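Below is one structure, written out as structure tokens; comments come after it.
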């Protein structure tokens, strides 16, 4: 799969964005969005599933999936990265920081911040 961060031409960028959109559509097929929230419960979730393009999914149960967006562009957000969150308590909230660690090394990326969290409930 092509990644937006690695895309060097407009055609490759468009292909990467289309692939990410298709992956997100498949992951949320059969789910309906709720209102965006500032926080989500983290103690009952599985994940993360990094989609890329500023999107991370967390599965709370078979009935709910949370779509987390980044506050700003996060060039290090790649499907093959290990996401390490910095959180306090049992919630993850808007502006909470995270980093990614490359699977081939132990060098962390710069910090990124979460934006809104949208719950998607199974239809």
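In our numbering, the protein residues as written are 1 to 123.
We treat Cβ as the ideally placed atom computed from N, Cα and C, and that holds for glycine.
Just so we're clear, the structure is a prediction, and the values are computed from it rather than from any experiment.
DSSP three-state call for residue 24: helix, strand or coil?
As a working mapping, residue 24 is identified with position 24 in the chain shown. Looking at residue 24 - three-state DSSP - the assignment turns out to be helix.
Collapsed DSSP secondary structure at residue 64 in the structure displayed
Here residue 64 corresponds to residue number 64 of the chain shown, with the count starting at 1. Of the three classes helix, strand and coil, the one that applies to residue 64 here is strand, per DSSP.
When you compare only the Cα positions, how much space is there between residue 123 and residue 108?
For the purposes of this step, residue 123 is taken as the residue at position 123 of the chain shown. For the purposes of this step, residue 108 is taken as the residue at position 108 of the chain shown. So the two alpha carbons sit approximately 38 angstroms from each other.
Under 7 angstroms Cβ to Cβ from residue 54, same chain only, skipping five residues before and after it: list those, please.
Indexing the chain shown from 1 puts residue 54 at position 54. Around residue 54: 69, 70, 73, 74 and 77.
Taking Cβ to Cβ, would you say residue 102 is nearer than 8 angstroms to residue 86?
Counting from 1 along the chain shown, the entry for residue 102 is found at position 102. Counting from 1 along the chain shown, the entry for residue 86 is found at position 86. Going by C-beta atoms, residue 102 is not nearer than 8 angstroms to residue 86.
Can a CB atom of chain D be found closer than 8 angstroms to the CB of residue 12?
Of the chains in the structure shown, none is chain D; there is only one protein chain.
How would you write the range of the beta strand (DSSP E) that residue 48 sits in, first residue to last?
For the purposes of this step, residue 48 is identified with residue 48 of the chain shown, where counting begins at 1. Where residue 48 is concerned, the enclosing beta strand (DSSP E) stretches over 46-52.
With 16 other Cβ atoms within 10 Å as the buried cut-off, status of residue 42:
Numbered from its first residue, the chain shown carries residue 42 at position 42. The residue in question, residue 42, is buried, as its Cβ has 16 or more Cβ neighbours within 10 Å.
Rounded separation between residue 94 and residue 105 - CA only:
The residue you call residue 94 lines up with position 94 of the chain shown. The residue you call residue 105 lines up with position 105 of the chain shown. Their backbone Cα atoms lie some 28 angstroms apart in a straight line.
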